[in-house]
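Input: a single structure, listed below in structure tokens.
There are 2 protein chains.
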Amino acid sequence: MMSSKINTQQKILDAAQNLFAESGFNDTSLRQITTKAEVNLASVNYHFGSKKELIQAVLQRYLQILMPRLDQEFDLLLARTKPNNLPDVLAVFVKPLLELNQVQRKGTRTFLQLLGRGYTDVQGHLRWFINHHYGRTLDKLVLLVQQSCPHLPQSELFWRLHFSLGSIVFTMASNEALAEIALADFDEAVDIEGVICRLIPYLSAGIAAPVFNQVTQITTPPNMNEGAAKRQINASLSV
Amino acid sequence: MMSSKINTQQKILDAAQNLFAESGFNDTSLRQITTKAEVNLASVNYHFGSKKELIQAVLQRYLQILMPRLDQEFDLLLARTKPNNLPDVLAVFVKPLLELNQVQRKGTRTFLQLLGRGYTDVQGHLRWFINHHYGRTLDKLVLLVQQSCPHLPQSELFWRLHFSLGSIVFTMASNEALAEIALADFDEAVDIEGVICRLIPYLSAGIAAPVFNQVTQITTPPNMNEGAAKRQINASLSV
DNA sequence: CAGTGATTCAAACGTACATTTCAAACAGGT
DNA sequence: ACCTGTTTGAAATGTACGTTTGAATCACTG
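Respectively, the protein sequence lines represent chains Z and L.
Just so you know, the first sequence maps onto residues 56 to 294 in our numbering.
Just so you know, the second sequence maps onto residues 56 to 294 in our numbering.
Here it is in structure tokens:
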């Protein structure tokens, strides 16, 4: 039935992932993708059904490798008797992320850019898609961060995790431009690994920062309902 | 010649700013804008020339108020003999930003959302527009941060300022959704002021975090050229 | 109140998009 | 070699967009 022509799907996925990473999902047309992939325009709808599903397939190629790896790293940390400190928790991302380079050339950079696009472009279906498939893993991450920052109220943690997500996503979306500037002005060749390593101390310090009681803040007494809190932190963490 | 019908431009600007803030520039059509503003479709091109120029006009309404205020705050800090600490530098944003609420209801939130959209949507002309008009003011900010963090190499500062920009921009772009979650799960009504106040300790700690010498990092010796560095940090800071 | 320039309006233009259609080309099994 | 189901190809469909057009309407001046 099928054999030698499997690669049409691959050609589409490869072309799509690079164009998506460069220009975002909304600003990349199926015509650009099929032209670059040297396949017929109708192939995308034939093989993937729709543009939406193509976007999900492109991300899924990386997620199905990354997420199980992260999951097992999280389990290792959770199994420890002593609580982990925050930099160690964040550091577990490094290896699984860099292993994506073995999946595909520049895989790590591409995946992170795609993740950034998933947030900044309006792609509600991606949010749902990721959380539906990998919500359990994300739960473990939130738990680990909570354990490593026991002094932080849940609400503060919620905001800081999103601040962090913003740093990551924004940096990765504009990653190439930033790397070029860094190279030109500081003679520093910063690859994706370098950026990740620079992010960790920044994020660790930010997340664990002392809570500052602001003058103007009129906060309702923290009256939160426990279970929903964690679920929602993680739900909104996914794309 | 003109008198009572000035408000067509205002109606367009008001409708456009809210739709832009909600859905981004690319995903808001002139038809949506003119429908909401209850004006004719052709009015936008008649009064503003093009969609691009409308986008700039929407942002300009806030920038021309905010930036001079920031500029004078920066000058005050720069005039001090003792170096300022980082939280104080970042804190000067609070008042000028909140004053935008007097310009328009929910002005602060709207402006920050628009700024976020300016980054996440691909709007190269906005980058140029802001830097062209307000580059001098941004220079002063970079200088202040440098002074308050003398232990940081320029390249590290460069990256951390962008990490911070990502936090701000991303948080503001998804501000409403986050605020809703916070309200539902933590019984915390977090307005835009609350978010800004939460951001400051996070950003301060992140930017000023100790530099961590990563194992894997193979960095070329810091060989930077002084003037270009500052210029580029700020150039890439603008939208 | 006639005339003039600024504004509004409905309609159309040209372009780009995702998706559909259906015939042609292709494969593997018998 | 022939059928059968899978994949490709070129073309068309329908929708939405930003922009342009030219006549109609308005507001003001002389």
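C-beta atoms are modelled at their ideal positions from N, C-alpha and C, and glycine is treated no differently.
Computed from a prediction, not measured in an experiment: that's the story for all the values here.
Annotation: the continuous alpha helix (DSSP H) that includes L199 (chain L) extends over G179 to S203. Per DSSP, the unbroken alpha helix (DSSP H) holding H217 (chain L) starts and ends at Q209 to A228. A237 (chain L) reaches chain Z at S210, F213 and W214, counting residues in chain order whose Cβ is nearer than 8 Å. A direct Cα-Cα distance of roughly 12 Å separates D143 (chain L) from L196 (chain L). A distance of 9 Å or more separates the beta carbons of L114 (chain Z) and F225 (chain Z).
A Cβ-Cβ distance of about 4 Å is found for the pair A76 (chain Z) and Q168 (chain Z), placing them in contact under the 8 Å criterion.
For A76 (chain L), no chain Z residue has a Cβ inside 9 Å of its Cβ, as the nearest lies near 13 Å away.
In this structure L132 (chain Z) is in contact with L199 (chain Z), their Cβ atoms being roughly 6 Å apart against a cut-off of 8 Å.
Take T63 (chain L), set aside five residues on each side of it, and the residues of its chain with a beta-carbon closer than 7 Å to its own are V94, S98 and H102, in chain order. Taking a C-beta distance under 9 Å as the contact criterion, F166 (chain L) and L121 (chain L) qualify as a contact pair. Ranking L:G221, L:A263, L:A134 and L:E211 by CA distance to the CA of F241 (chain Z) puts L:E211 first. Under the rule that a run must span 4 or more residues, the alpha helix (DSSP H) segments found entirely inside the segment 67-137 of chain Z read 85-92, 97-103 and 106-134. Close to chain Z, meaning a Cβ-Cβ distance shorter than 8 Å, are the following residues of the segment 251-264 of chain L: C252, R253, L254, I255, P256, Y257, L258, S259, A260, G261, I262, A263 and A264. By the 16-neighbour rule on beta-carbons within 10 angstroms, G104 (chain Z) is exposed. For F166 (chain Z), the enclosing alpha helix (DSSP H) stretches over residues G162 to T175. E231 (chain L) and A71 (chain L) have their C-alpha atoms roughly 18 Å apart. For V224 (chain Z), the neighbours in chain L by C-beta distance under 8 Å run, in chain order, G221 and F225.
Neighbours of L233 (chain Z) across chain L, judged by C-beta separation under 9 Å: F213, W214, H217 and S291.
In the three-state scheme derived from DSSP, where H, G and I count as helix and E and B as strand, P256 (chain Z) is classed as helix. Counting only Cβ-Cβ distances below 9 Å, F148 (chain Z) has no contacts in chain L at all, with the closest Cβ about 13 Å away. Any Cβ of chain L closer than 9 Å to the Cβ of P142 (chain Z) would place that residue at the interface, and such an atom is present. For the set L:P265, L:Y257, L:F148 and L:T90, the Cα lying nearest the Cα of P123 (chain L) is the one of L:F148.
The beta-carbon of V245 (chain L) is placed less than 9 Å from the nearest beta-carbon of chain Z.
According to the DSSP assignment, V266 (chain Z) belongs to no alpha helix (DSSP H), since it is labelled neither H nor E.
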